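Top line first, the protein sequences correspond to chains A and W. Under my numbering, the letters of the first sequence match residues 79 to 226, in that order. Under my numbering, the letters of the second sequence match residues 65 to 234, in that order. For glycine and all other residues, C-beta sits at the position ideal for the given N, C-alpha and C. Predicted model, so just to flag it, every value in this text is computed and none were measured. Report on one structure; see the data block that follows.
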Amino acid sequence: MKWIPNVFKHTGWLTALWLVLAPVAQAEDGMITLQALMIQAQNESAPIDRRLEKVEYKLRRVFGFQFYRYVGEGNLALASRGEGTISLPDGHRLQIRLGGRGGHAEVRWSRNNEPLLSTSVALSRNAPIVLGGIPANGGKLILVLTAQ
Amino acid sequence: MKKSELELISRGLDGDLSPDERVRLEALRTREPEARTVERQWTVLGDTLRHDQVAAPDATVAWQDIQRAIRQQAGDAGSASTGGWMVRFRWAAGLAVLVVGTVLGLSAWRVLDGRTPVWVMTDPVESPANRVEWVVAEIPGATTMIYTDTETDMTVIWLDVAQNVDPRDS
Chain A
79 MKWIPNVFKH
89 TGWLTALWLV
99 LAPVAQAEDG
109 MITLQALMIQ
119 AQNESAPIDR
129 RLEKVEYKLR
139 RVFGFQFYRY
149 VGEGNLALAS
159 RGEGTISLPD
169 GHRLQIRLGG
179 RGGHAEVRWS
189 RNNEPLLSTS
199 VALSRNAPIV
209 LGGIPANGGK
219 LILVLTAQ
Chain W
65 MKKSELELIS
75 RGLDGDLSPD
85 ERVRLEALRT
95 REPEARTVER
105 QWTVLGDTLR
115 HDQVAAPDAT
125 VAWQDIQRAI
135 RQQAGDAGSA
145 STGGWMVRFR
155 WAAGLAVLVV
165 GTVLGLSAWR
175 VLDGRTPVWV
185 MTDPVESPAN
195 RVEWVVAEIP
205 GATTMIYTDT
215 ETDMTVIWLD
225 VAQNVDPRDS
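Dropping the structure here:
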């Protein structure tokens, strides 16, 4: 068993490296940024908005609307089991609670404290989840929620 | 002295003489003083050898010595290769200790921080698409549709309220 002290000798520098890097990894770990983008889908003409350039082409693939108008957006940073609210224009709110296995999130969409939609999803990073269908101003409201 | 006379002395010391040869040896002793000297020297030499006689090596003991030497030689060769293996084992063991220590350390850290251990994976998963578990349309009469577009990884939860008169719709 003479090798036991040598094991610790060989791994000494690796352990030191871990002690230095682990807090950094922890600081990065566990926080999830959620972005909610509020959009009105409509067939009436709307100007091109660069704030939608990352999602508009995706929405065009899925929906039959010709134009998409930027309404507003909000962000929220949560811990793995955190809970918070994203406030959006016209009294819209997204209440989000993270927790459980597999990055699950419970999302409640309300307008002026009146519930519209509740759902539970297993979030994937950078894969948008789209809540929509609420009639507004001759079109439909869409919320694009992305976890980063 | 002749060779035959020396042989006669030697055989006399060994006790291998016939009666005739004994007579001849006795005549030689009487006639040749050198013969008596040689016989006396050989007698002393024989006594000395018999007195200091070294025991012949035992065959069993000798074979055991040989086997021991073979084992020792094989052991030396084996320890050379074992040494290399031990070096690799030390590194492997060191890395294993580091990995286990890292996982346990991070887990303890998260638990102490009020979070879930690493292996429970509460963060968003890296799979391409979201997975919808359940949806409740809170607007009376509204229905929901769920659709995932595999090309954009976009998951759509769509409320169909077109057939309803929604008083909250401005």
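| Asked | Found |
| --- | --- |
| I want to verify the contact list: residues of chain W whose CB lies under 8 angstroms from the CB of residue 114(A), in sequence order. | Within 8 angstroms Cβ-Cβ: nothing; residue 114(A) doesn't reach chain W, min ~14 angstroms. |
| Answer yes or no: does any C-beta atom of chain W fall closer than 9 angstroms to that of residue 140(A)? | yes |
| Who are the near neighbours of residue 73(W) in its chain, counting only those whose CB is closer than 8 angstroms to its CB and skipping five residues on each side? | 89, 92, 99, 102, 103, 106 |
| Under a Cβ-count criterion, where at least 16 other Cβ atoms within 10 Å of its own Cβ denotes burial, should residue 125(W) be classed as buried or exposed? | exposed |
| Is residue 65(W) helix, strand or coil by DSSP? | coil |
| Taking the Cβ atom as the reference point for each residue, do residue 206(A) and residue 216(W) lie within a distance shorter than 9 angstroms? | yes |
| Please state the DSSP three-state secondary structure of residue 156(W). | helix |
| What distance in whole Å lies between the Cβ atoms of residue 112(A) and residue 225(A), which are believed to be in contact at a cut-off of 8 angstroms? | 6 angstroms |
| Give the residues from the region 112 to 136 of chain W that approach chain A closer than 7 angstroms (Cβ to any Cβ), ordered along the chain. | none |
| Flag residue 209(A) as yes if its beta-carbon sits less than 9 angstroms from any beta-carbon of chain W, otherwise no. | yes |
| Just mark residue 118(A) as buried or exposed, buried being the case when its beta carbon has 16 or more other beta carbons within 10 Å. | buried |
| Please confirm whether residue 165(A) has its beta-carbon closer than 9 angstroms to some beta-carbon of chain W. | no |
| Is DSSP giving residue 186(W) helix, strand or coil here? | Its pLDDT being 49, under 50, residue 186(W) is placed unreliably in this model, and the coordinates cannot settle the point. |
| Could you tell me the distance, in whole angstroms, from the CA atom of residue 165(A) to the CA atom of residue 208(A)? | 17 angstroms |
| Got a sec? Which residues, its chain only, sit under 7 angstroms from residue 162(A) by beta carbon, not counting five neighbours each side? | 154, 156, 174 |
| Between the Cα of residue 206(W) and the Cα atoms of 133(A), 188(A), 211(A), which residue gives the shortest distance? | 211(A) |
| Determine the direct distance from the alpha carbon of residue 171(A) to that of residue 172(W), and round the result to whole angstroms. | 36 angstroms |
| Beta-carbon of residue 130(A) versus every beta-carbon of chain W: anything under 9 angstroms? | no |
| Sort out for me which residues DSSP pairs residue 176(A) with in a bridge. | 183(A) |
| Should residue 169(A) and residue 147(A) be called a contact, given that it needs their Cβ atoms to be closer than 9 angstroms? | no |
| Provide the residue span of the alpha helix (DSSP H) that contains residue 110(W), from first to last. | 97 to 115 |
| Grab the span of the beta strand (DSSP E) containing residue 140(A) for me, first residue to last. | Not the beta strand (DSSP E): residue 140(A) falls in the alpha helix (DSSP H), residues 134 to 140. |
| Please classify residue 82(W): is it buried, with 16 or more other beta-carbons within 10 angstroms of its beta-carbon, or exposed? | exposed |
| Would a check of beta-carbon distances place residue 124(A) closer than 9 angstroms to chain W? | no |
| Confirm, please, whether the CB-CB distance from residue 126(A) to residue 158(A) is below 9 angstroms. | no |
| What number of angstroms, rounded off, separates the C-alpha of residue 255(A) from the C-alpha of residue 174(W)? | The structure shown does not extend to residue 255(A), since chain A is modelled only from 79 through 226, so no value can be given for it. |
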